[in-house]
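Position 397 of the sequence shown, counted from 1, bears residue number 405 in this note's numbering, the numbering being contiguous throughout.
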Amino acid sequence: MQLNNGEFHFAGGISALDLCETYGCPLYVYDYDTIERQYNRLTSAFDVKNLRINYACKALTNINILKLMNSLGAGLDTVSIQEVRLGLLAGYKPQDIIYTPNCVSLEEITEAVKLGVRINIDNISILEQFGSLYPHYPVCIRINPHIMAGGNSKISVGHIDSKFGISFHQMPHVLRVVEATGLKVEGLHMHTGSEILDSEVFLIGAEILFKQAHHLPDLDYLDFGSGFKVSYKNDGIETDIEDLGQQISKRFNFFCKEYGRELTLMFEPGKYLVSEAGYFFSKVNVVKQTTSTVFAGIDSGLNHLIRPMMYDSYHSIINISKTDGRKRIYTVVGYICETDTFGVNRQMHEIQEGDILCIKNAGAYCFTMASNYNSRFRPPEVLIYKGQHHLIRKRETMDDLLYNQVEVELFQPALQSGENMLDRMNGQKETIKQENRNKETE
Ligand SMILES: Cc1ncc(COP(=O)(O)O)c(C=O)c1O
Numbered sequence: 009m010q011l012n013n014g015e016f017h018f019a020g021g022i023s024a025l026d027l028c029e030t031y032g033c034p035l036y037v038y039d040y041d042t043i044e045r046q047y048n049r050l051t052s053a054f055d056v057k058n059l060r061i062n063y064a065c066k067a068l069t070n071i072n073i074l075k076l077m078n079s080l081g082a083g084l085d086t087v088s089i090q091e092v093r094l095g096l097l098a099g100y101k102p103q104d105i106i107y108t109p110n111c112v113s114l115e116e117i118t119e120a121v122k123l124g125v126r127i128n129i130d131n132i133s134i135l136e137q138f139g140s141l142y143p144h145y146p147v148c149i150r151i152n153p154h155i156m157a158g159g160n161s162k163i164s165v166g167h168i169d170s171k172f173g174i175s176f177h178q179m180p181h182v183l184r185v186v187e188a189t190g191l192k193v194e195g196l197h198m199h200t201g202s203e204i205l206d207s208e209v210f211l212i213g214a215e216i217l218f219k220q221a222h223h224l225p226d227l228d229y230l231d232f233g234s235g236f237k238v239s240y241k242n243d244g245i246e247t248d249i250e251d252l253g254q255q256i257s258k259r260f261n262f263f264c265k266e267y268g269r270e271l272t273l274m275f276e277p278g279k280y281l282v283s284e285a286g287y288f289f290s291k292v293n294v295v296k297q298t299t300s301t302v303f304a305g306i307d308s309g310l311n312h313l314i315r316p317m318m319y320d321s322y323h324s325i326i327n328i329s330k331t332d333g334r335k336r337i338y339t340v341v342g343y344i345c346e347t348d349t350f351g352v353n354r355q356m357h358e359i360q361e362g363d364i365l366c367i368k369n370a371g372a373y374c375f376t377m378a379s380n381y382n383s384r385f386r387p388p389e390v391l392i393y394k395g396q397h398h399l400i401r402k403r404e405t406m407d408d409l410l411y412n413q414v415e416v417e418l419f420q421p422a423l424q425s426g427e428n429m430l431d432r433m434n435g436q437k438e439t440i441k442q443e444n445r446n447k448e449t450e
C-alpha cells in the first residue's frame with residue numbers, strides 16, 4: 009500500500025478508503041503482489057538442487073490463499089486434520105502436504121494416513137504405535153534441538169522445556185523403535201520458534217539436524233521449519249534471508265555430498281510469506297482523553313486481532329484518513345470488555361472520530377486467531393489480485409453466531425413446534441422493520 013497524492017492505494021490504483029467504503033470496517037485486505045514477492049525472494053535465496061517451500065497455513069487459511077500458494081509452487085505445512093482437508097480441497101496433492109501435529113490422537117493421525125499426506129511425528133509414544141500399525145508408511149521425525157530462540161517465550165518452541173519434538177538426546181531410542189518396527193524415516197524436521205533474527209540460530213539448529221540425519225539412511229528431505237523474522241516497525245529489521253540462504257545452501261550441499269545423495273531442503277514459513285501482505289482497517293468510534301492518555305477507540309478488538317494482547321507483538325498503525333498535518337500521540341484500543349490494546353503511545357496524524365486506522369502486518373496469525381468473543385462478527389477478507397479486489401470471506405451475521413446453537417426447551421420463551429432460533433430471529437427482524445415502517449408513516 010503506497011501513499012500517492014495524499015491517499016493510500018494498492019496496486020492498480022485501488023484506494024484503501026474506497027475499499028473500506030465498499031466492504032465496511034473492520035476489514036482485512038491481503039495483497040497478492042507482496043505474497044508473490046516474498047515467495048520469490050525466499051526461493052531465490054537458496055542455491056540447492058531440490059528446494060521445497062511448504063506454506064505454514066496456520067498463518068492464514070482462507071482457501072483462496074491456499075490456492076494462491078499452490079499456484080506459486082508451494083507445498084503446504086499443516087497442523088490439524090482440518091488444515092489437511094482444506095489443503096486437499098484447495099487442490100494440493102497429498103504428497104505436497106506435510107502434517108505436523110502436536111499432542112493429537114492416534115485416530116487423527118490415522119485419518120491423515122488415509123488421506124495419504126506426509127506425516128511428521130513428534131513423540132516416541134506415537135512413533136511406536138504408528139510403527140506397529142503402519143510400518144510401510146514413510147514418516148518424518150520432528151526433533152527438538154534444545155535451542156531457545158524467538159521473538160517471545162510463547163513462540164519459542166525448540167527449547168528443552170518445550171512440548172514440541174523429540175529431544176535429539178533421545179535419538180538412540182528413536183533408532184531402536186525404527187529398527188524394531190521397520191519404519192522408513194523419509195524426513196527429519198525441526199522448528200525452533202518464530203521471529204528469529206539471527207542467521208546463527210538457524211545454522212546451529214542445522215548442524216544438529218545434519219548430525220542426526222547421518223543415523224537415518226533412507227532420508228529424502230531435511231525440513232528446517234521456519235521462524236524468519238519480518239519487519240514489524242518498517243525499520244528493515246528482519247532475518248537476512250539472502251545471507252541465510254547462502255550459508256545454509258553451502259552447508260546443505262556439503263552435507264548431501266557426505267550423505268551420498270541429493271536430499272530436498274525444506275522450509276515451512278508462515279509469517280515470511282503473508283505477514284506484510286495483510287492490512288487490517290478499522291474505524292475510530294471514540295477519541296477519549298483521560299487524565300493521562302488520549303485513547304483512540306476503534307470498532308474492533310482482540311477478538312479480531314489478538315497478537316498484541318497475546319504475545320505483546322508490535323503492529324505499526326497509521327491513520328489513512330489523514331495523511332498530513334499535525335501528529336499527536338494516541339493509545340489505540342478496542343471495544344472488548346478486557347484490556348484491549350493495539351498500540352501504546354503511537355504518533356499519528358491527528359485522529360478524529362470516523363477516521364480509518366490501518367494496522368499493518370496483519371496477514372499472519374491475525375484473521376486465523378479471530379473469534380466471536382463478545383458475540384462480535386468476524387470481519388470480511390478481501391484479496392487484491394492483479395489490480396482488482398475480490399471478496400474472499402463475507403462478514404459474519406447473526407445467523408453465523410447462532411448457526412450451531414441448539415435451543416433446548418427448558419427455558420422460556422420456548423420455541424413453537426417447527427420453529428427454530430433463526431426463524432424466530434428473522435421474525436423479530438421483520439417485526440422491528442414493520443414497526444419502523446409504521447413509525448415513518450405516522
Ligand atoms: C512447526 C511450525 N512450522 C512453521 C511455523 C511457521 O512459523 P513462522 O510463521 O514464524 O514462519 C510454525 C509456527 O508456529 C510452526 O509451529
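Positions of the beta carbon are idealized from the N, C-alpha and C atoms, including for glycine. Bear in mind that the values here come from a model prediction, so they are computed numbers and not experimental data.
Using the three-state DSSP reduction, which class does residue i fall into: helix, strand or coil?
{"i": "I155", "result": "coil"}
{"i": "E382", "result": "Contrary to the premise, residue 382 reads as Asn rather than Glu in this sequence. DSSP places N382 in helix when its eight states are reduced to three."}
{"i": "D332", "result": "coil"}
{"i": "H177", "result": "helix"}
{"i": "M198", "result": "coil"}
{"i": "Q138", "result": "A quick correction: the sequence has Phe, not Gln, at residue 138. Reduced to three states, the DSSP call for F138 is helix."}
{"i": "E208", "result": "helix"}
{"i": "D169", "result": "coil"}
{"i": "M274", "result": "strand"}
{"i": "L183", "result": "helix"}
{"i": "A285", "result": "coil"}
{"i": "V121", "result": "helix"}
{"i": "I314", "result": "coil"}
{"i": "K279", "result": "helix"}
{"i": "Y145", "result": "coil"}
{"i": "R445", "result": "helix"}
{"i": "N434", "result": "helix"}
{"i": "E215", "result": "helix"}
{"i": "E266", "result": "helix"}
{"i": "G451", "result": "In this structure the chain extends from 9 to 450, so residue 451 is not present and cannot be described."}
{"i": "Y319", "result": "helix"}
{"i": "E115", "result": "helix"}
{"i": "S133", "result": "helix"}
{"i": "D39", "result": "strand"}
{"i": "E15", "result": "strand"}
Residue i: buried (16+ other C-beta within 10 angstroms of its C-beta) or exposed?
{"i": "P388", "result": "buried"}
{"i": "E276", "result": "buried"}
{"i": "L391", "result": "buried"}
{"i": "L141", "result": "exposed"}
{"i": "C264", "result": "buried"}
{"i": "E415", "result": "exposed"}
{"i": "F419", "result": "exposed"}
{"i": "D348", "result": "buried"}
{"i": "Q360", "result": "exposed"}
{"i": "A370", "result": "buried"}
{"i": "G362", "result": "exposed"}
{"i": "V193", "result": "buried"}
{"i": "R445", "result": "exposed"}
{"i": "D320", "result": "exposed"}
{"i": "E203", "result": "buried"}
Who are the near neighbours of residue i in its chain, counting only those whose CB is closer than 6 angstroms to its CB and skipping five residues on each side?
{"i": "M318", "result": "none"}
{"i": "S257", "result": "F54, D55 and V56"}
With respect to 8 angstroms, is the separation between the Cβ of residue i and the closest non-hydrogen atom of ligand 3 below this value?
{"i": "E276", "result": "This structure lacks ligand 3; its bound ligands are ligand 1."}
Which residues in the same chain as residue i place their Cβ atom closer than 7 angstroms to its Cβ, once the five residues preceding and following it in sequence are excluded?
{"i": "E270", "result": "K57, N58 and C264"}
{"i": "K214", "result": "Residue identity check: residue 214 is Ala in the sequence provided, not Lys. Excluding positions up to five away in sequence, the list reads F232, I256 and R259."}
{"i": "A285", "result": "Y38, D39, T42, I43 and G371"}
Grab me the residues of residue i's own chain with a C-beta within less than 8 angstroms of its C-beta, minus the 5 sequence neighbours each way, in chain order.
{"i": "Q137", "result": "L114"}
{"i": "D251", "result": "S207"}
{"i": "G395", "result": "A19, G20, G21 and I22"}
Looking at chain B, is there any beta carbon in it that lies within less than 9 angstroms of the beta carbon of residue i?
{"i": "L230", "result": "Considering every chain present, this structure includes no chain B. It has just one protein chain."}
The stretch 61-77 in contact with the stretch 369-387 per 3-pair CB rule at 8 angstroms
yes
So, does the stretch 421-430 touch the stretch 49-68, judging by three or more C-beta pairs under 8 angstroms?
no
With a threshold of 8 angstroms, are at least 3 pairs of Cβ atoms found where one atom belongs to the stretch 233-247 and the other to the stretch 18-29?
no
Could I get the ranges of all uninterrupted beta strand (DSSP E) runs contained in the stretch 223-262, with 3 residues as the minimum, in chain order?
229-231
Along the chain, which unbroken stretches of the alpha helix (DSSP H) at least 4 residues long are found entirely within the stretch 340-425?
406-410
In chain order, each beta strand (DSSP E) run of at least 3 residues that lies wholly inside the stretch 47-102
58-64 and 83-86
Meets three-Cβ-pair contact criterion under 8 angstroms: the stretch 173-180 and the stretch 149-156
yes
Touching by the beta-carbon criterion (3+ pairs, under 8 angstroms), the stretch 123-138 and the stretch 90-107
yes
For the stretch 84-92 and the stretch 37-53, state whether three or more C-beta atom pairs, one from each stretch, are separated by less than 8 angstroms.
no
Using a Cβ distance threshold of 8 angstroms, determine whether the stretch 320-331 contacts the stretch 403-414, with at least three qualifying pairs required.
no
So does the stretch 94-104 actually touch the stretch 296-309, counting three or more Cβ pairs closer than 8 angstroms?
no
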